[in-house]
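Note sheet for the following structure.
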Amino acid sequence: MLTVEHLHHAYIREQVVTADVTFDVRAGEIVSIVGPSGCGKTTLLKALAGLLKPTGGIIRFQGKVVQGVPDGLAIVFQEYGRSLLPWTTVNGNIELPLRYQSISTDECRRRVAESLQAVDLSGSGERYPWQLSGGMQQRVAIARALAYQPKLLLMDEPFASVDAQTRADLEDLVAAVRDRFGITMVLVTHDIDESVYLSDRVIVLSRPPSTVLAQVSIELPRPRDQIKTKAMQQFVEKRSEIAQMIRRPVDGEPHP
Amino acid sequence: MSTEAIRLDRWNSRAFSAIQSFAVRYGLGIALVIVWEFAARKAGSIFFPPPSEILHRAASLWLSGPPHRLFLSDSVFQDVLPSIFRLLGGWAFAVLIGIPLGILIGRSRNLSDLVNPSLQFLRAIPGPALIPIFMILLGTESTMRVTLIAFGSVWPILLNTVEGTRTVDPVQIDTARAFRIPRHARLWRIVLPAAMPKIFAGMRVSLALAVILMVVSELVASTSGIGYRIQNAQIMFLLTDMWCGIILLALIGYVLNLLFLKFERRVLAWHRGARGRTAT
């Protein structure tokens with residue numbers, strides 16, 4: 005589905021953010037990317053989305069080399085307040101990307117309704133984003149991505165700006181959406197609990213210049229549950245395994 | 006207390022708060038006019054006629070026409086309306102030139118680097134200083150005056166549009182790019198609406214500038230217009246007429262600003278809403 009080979013990126017010369025990152029994502033997987041702050045998680049995600057041209061390495065999406073934004077990809081940013089357009093309604097926001105796809109008006113309307121229903125916001129289509137709470141706005145951003153029917157959904161710290169309860173609800177929503185629509189997801193997060201809870205696999209990045217420290221498979225049963233899953237032995241083990249890698253990065257750590 | 010009494014009480018308090026808000030809004034203005042009236046009467050100077058006299062004179066100047074023309078006198082058609090048309094015409098040109106040019110410059114770093122020094126230089130020229138040149142090039146008719154108004158009032162619109170389109174939130178642009186919204190649609194659906202609050206601020210400043218420039222343009226080599234009437238009245242020592250013109254100008258500026266604010270509130274309702282939310 006998605007392969008990343010020897011990705012390298014430096015914003016300014018000699019300030020290398022991403023040194024050598026290689027991994028792949030299989031269709032239908034949820035993969036989280038975690039790492040210490042400043043390790044270039046967001047840079048990596050932008051490169052995957054084709055929004056940023058990396059200084060080295062190759063990204064392939066569905067077999068094709070990514071040059072510019074590829075088709076079939078949607079993104080949810082952390083800053084829902086800045087990524088939703090305040091001058092148009094919730095419906096307008098979700099509909100806008102669909103207008104430039106070759107989709108009929110009826111299909112477009114159907115998708116808007118369906119995606120709003122999927123995030124449990126059916127009654128809010130005519131409201132403006134700023135009339136909604138933070139969690140609801142992020143759900144609109146997710147609905148916008150769903151209506152687009154992407155093959156791959158990228159999420160950059162999607163739940164970092166909402167309160168803890170909303171965060172748990174949104175995590176479960178994303179998991180449910182994945183199960184229902186079978187979308188492949190790549191999630192960037194700094195929250196280790198979240199990465200273990202949501203993912204099939206967690207990719208741990210080192211400090212910059214970053215490389216892949218480890219790829220941890222998470223084989224927790226699905227559907228997962230905020231309380232039961234997080235109490236499981238495997239959850240606790242995986243969480244501390246990843247936490248230790250991030251907390252004490254050893255210089256010259258061998259590549260996996 | 007009976008429901009009747011409560012209802013009456015509520016009505017009373019509502020009426021009271023309406024009176025109160027009216028008093029707060031217009032009280033000072035009314036008080037100033039009253040003071041002016043008494044002071045002017047007491048002083049008895051011909052240079053400072055009392056407002057009642059100005060009002061009386063204004064009515065006979067502009068509202069003494071026949072009923073089928075809504076009582077508007079010839080002077081309204083010869084001076085007031087042409088002035089307003091020049092003002093609005095010049096401002097409309099400023100809007101039509103300022104916004105598209107501003108978008109072009111705001112969205113292109115190269116073009117901006119190319120034209121910015123020249124624009125800053127042109128902007129520094131006080132509009133009225135160009136009247137002699139415009140007179141040579143365009144004569145002394147309305148064309149010259151409209152051009153002057155447009156030239157002088159385009160700057161706030163142009164510069165605010167540049168600023169507004171340049172400072173669109175990169176997250177909005179990234180989102181639009183990720184969803185493969187084409188370039189022209191990004192301009193119409195994201196860049197332009199995002200810049201609207203700044204563009205409107207520029208349009209409002211330039212509307213006030215347009216009023217000033219309209220008067221200035223009519224002080225030179227003209228045969229009609231409110232500015233011309235004010236100057237003419239001063240030369241002929243018709244000081245009450247002169248004051249009438251000044252008050253009329255203030256009224257035009259005030260009403261135009263009010264209308265524009267109403268329009269802005271309607272178009273930018275989302276902006277007020279969004280800003281109100283983030284502030285709390």
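So the protein lines, in turn, are chains A and B.
FYI, the numbering for the first sequence is 5 to 260, going by our numbering.
FYI, the numbering for the second sequence is 6 to 285, going by our numbering.
Backbone N, C-alpha and C define an ideal beta-carbon position, used for all residues, glycine too.
The model shown is predicted, which means the values in this text are computed figures rather than measured ones.
Inter-residue Cα distance where the pair is residue i and residue j
{"i": "residue 284 of chain B", "j": "residue 278 of chain B", "result": "Confidence at residue 284 of chain B is low in this model, with a pLDDT of 43, below 50, so the placement of that residue should be treated as unreliable; the coordinate-derived value is given next. When rounded, the distance between both Cα atoms is 10 angstroms."}
{"i": "residue 43 of chain A", "j": "residue 212 of chain A", "result": "5 angstroms"}
{"i": "residue 233 of chain B", "j": "residue 117 of chain B", "result": "40 angstroms"}
{"i": "residue 21 of chain B", "j": "residue 28 of chain B", "result": "10 angstroms"}
{"i": "residue 104 of chain A", "j": "residue 221 of chain A", "result": "38 angstroms"}
{"i": "residue 240 of chain B", "j": "residue 42 of chain B", "result": "25 angstroms"}
{"i": "residue 121 of chain B", "j": "residue 211 of chain B", "result": "20 angstroms"}
{"i": "residue 13 of chain A", "j": "residue 207 of chain A", "result": "18 angstroms"}
{"i": "residue 75 of chain A", "j": "residue 185 of chain B", "result": "8 angstroms"}
{"i": "residue 199 of chain A", "j": "residue 90 of chain A", "result": "30 angstroms"}
{"i": "residue 91 of chain B", "j": "residue 255 of chain B", "result": "16 angstroms"}
{"i": "residue 74 of chain B", "j": "residue 230 of chain B", "result": "19 angstroms"}
{"i": "residue 259 of chain A", "j": "residue 236 of chain A", "result": "Bear in mind that the predicted position of residue 259 of chain A carries a pLDDT of just 47, short of 50, making it too unreliable to give a figure here."}
C-beta atoms of residue i and residue j nearer than 8 angstroms
{"i": "residue 196 of chain B", "j": "residue 133 of chain B", "result": "no"}
{"i": "residue 70 of chain B", "j": "residue 78 of chain B", "result": "yes"}
{"i": "residue 188 of chain B", "j": "residue 178 of chain B", "result": "no"}
{"i": "residue 3 of chain A", "j": "residue 154 of chain A", "result": "Since the first residue of chain A shown is 5 and the last is 260, residue 3 of chain A is not available in this structure."}
{"i": "residue 73 of chain A", "j": "residue 51 of chain A", "result": "no"}
{"i": "residue 166 of chain B", "j": "residue 130 of chain B", "result": "no"}
{"i": "residue 111 of chain B", "j": "residue 169 of chain B", "result": "yes"}
{"i": "residue 115 of chain A", "j": "residue 102 of chain A", "result": "yes"}
{"i": "residue 218 of chain B", "j": "residue 158 of chain B", "result": "yes"}
{"i": "residue 181 of chain B", "j": "residue 55 of chain A", "result": "no"}
{"i": "residue 53 of chain B", "j": "residue 63 of chain B", "result": "no"}
{"i": "residue 201 of chain A", "j": "residue 175 of chain A", "result": "yes"}
{"i": "residue 141 of chain A", "j": "residue 84 of chain A", "result": "yes"}
{"i": "residue 214 of chain A", "j": "residue 38 of chain A", "result": "no"}
Opening and closing residue of the alpha helix (DSSP H) in which residue i lies
{"i": "residue 24 of chain A", "result": "Premise fails: residue 24 of chain A lies in the beta strand (DSSP E), 19 to 29, not in any alpha helix (DSSP H)."}
{"i": "residue 265 of chain B", "result": "244 to 272"}
{"i": "residue 104 of chain A", "result": "Neither: residue 104 of chain A is in no alpha helix (DSSP H) and is coded neither H nor E."}
{"i": "residue 80 of chain A", "result": "No alpha helix (DSSP H) holds residue 80 of chain A; the beta strand (DSSP E) holding it covers 77 to 80."}
{"i": "residue 62 of chain B", "result": "56 to 67"}
{"i": "residue 11 of chain B", "result": "8 to 48"}
{"i": "residue 158 of chain B", "result": "147 to 171"}
{"i": "residue 223 of chain B", "result": "197 to 223"}
{"i": "residue 232 of chain A", "result": "232 to 235"}
{"i": "residue 85 of chain A", "result": "84 to 87"}
{"i": "residue 176 of chain B", "result": "175 to 183"}
{"i": "residue 170 of chain A", "result": "168 to 185"}
{"i": "residue 197 of chain A", "result": "196 to 202"}
{"i": "residue 118 of chain B", "result": "114 to 129"}
{"i": "residue 93 of chain A", "result": "From DSSP, residue 93 of chain A is part of no alpha helix (DSSP H); its letter is neither H nor E."}
Closer than 8 angstroms to chain B by CB, residue i
{"i": "residue 70 of chain A", "result": "no"}
{"i": "residue 156 of chain A", "result": "no"}
{"i": "residue 231 of chain A", "result": "no"}
{"i": "residue 15 of chain A", "result": "no"}
{"i": "residue 190 of chain A", "result": "no"}
{"i": "residue 201 of chain A", "result": "no"}
{"i": "residue 75 of chain A", "result": "yes"}
Span of the beta strand (DSSP E), counted from its first residue to its last, around residue i
{"i": "residue 135 of chain A", "result": "It is not in any beta strand (DSSP E) - residue 135 of chain A carries neither H nor E in the DSSP assignment."}
{"i": "residue 218 of chain A", "result": "214 to 221"}
{"i": "residue 33 of chain A", "result": "Neither: residue 33 of chain A is in no beta strand (DSSP E) and is coded neither H nor E."}
{"i": "residue 65 of chain A", "result": "60 to 65"}
{"i": "residue 16 of chain A", "result": "6 to 16"}
{"i": "residue 190 of chain A", "result": "188 to 192"}
{"i": "residue 160 of chain A", "result": "156 to 160"}
{"i": "residue 209 of chain A", "result": "205 to 209"}
CB contact check: residue i to chain A, cutoff 8 angstroms
{"i": "residue 96 of chain B", "result": "no"}
{"i": "residue 205 of chain B", "result": "no"}
{"i": "residue 230 of chain B", "result": "no"}
{"i": "residue 268 of chain B", "result": "no"}
{"i": "residue 184 of chain B", "result": "yes"}
{"i": "residue 53 of chain B", "result": "no"}
{"i": "residue 200 of chain B", "result": "no"}
{"i": "residue 111 of chain B", "result": "no"}
{"i": "residue 67 of chain B", "result": "no"}
{"i": "residue 323 of chain B", "result": "Nothing about residue 323 of chain B can be reported from this structure: the residues present for chain B run from 6 to 285 only."}
{"i": "residue 32 of chain B", "result": "no"}
{"i": "residue 278 of chain B", "result": "yes"}
{"i": "residue 275 of chain B", "result": "yes"}
> Which of the residues in the stretch 81 to 101 of chain A, read from start to end, lie with their CB under 7 angstroms from any CB of chain B?
Replying inline: Flagged, chain order: 81, 83, 86, 87, 89, 90, 91, 100, 101.
>> Short of 8 angstroms Cβ to Cβ, which residues in the stretch 186 to 198 of chain B face chain A?
In response: When CB distances to chain A are screened at a threshold of 8 angstroms, the residues of the stretch 186 to 198 of chain B falling below it are 186, 187, 190, 194, 195, 198, in chain order.
> For the stretch 169 to 182 of chain B, which residues have a beta carbon sitting closer than 7 angstroms to at least one beta carbon of chain A?
Replying inline: Flagged, chain order: 174, 176, 177, 179, 180, 182.
>> For the stretch 163 to 184 of chain A, list every residue whose C-beta sits within 8 angstroms of some C-beta in chain B, in sequence order.
In response: Contacts with chain B (Cβ-Cβ distance below 8 angstroms) from the stretch 163 to 184 of chain A involve no residue at all.
>> Under 9 angstroms, CB to CB, which of the residues in the stretch 20 to 54 of chain A have a partner in chain B?
In response: Here the close residues are 50, 53, 54.
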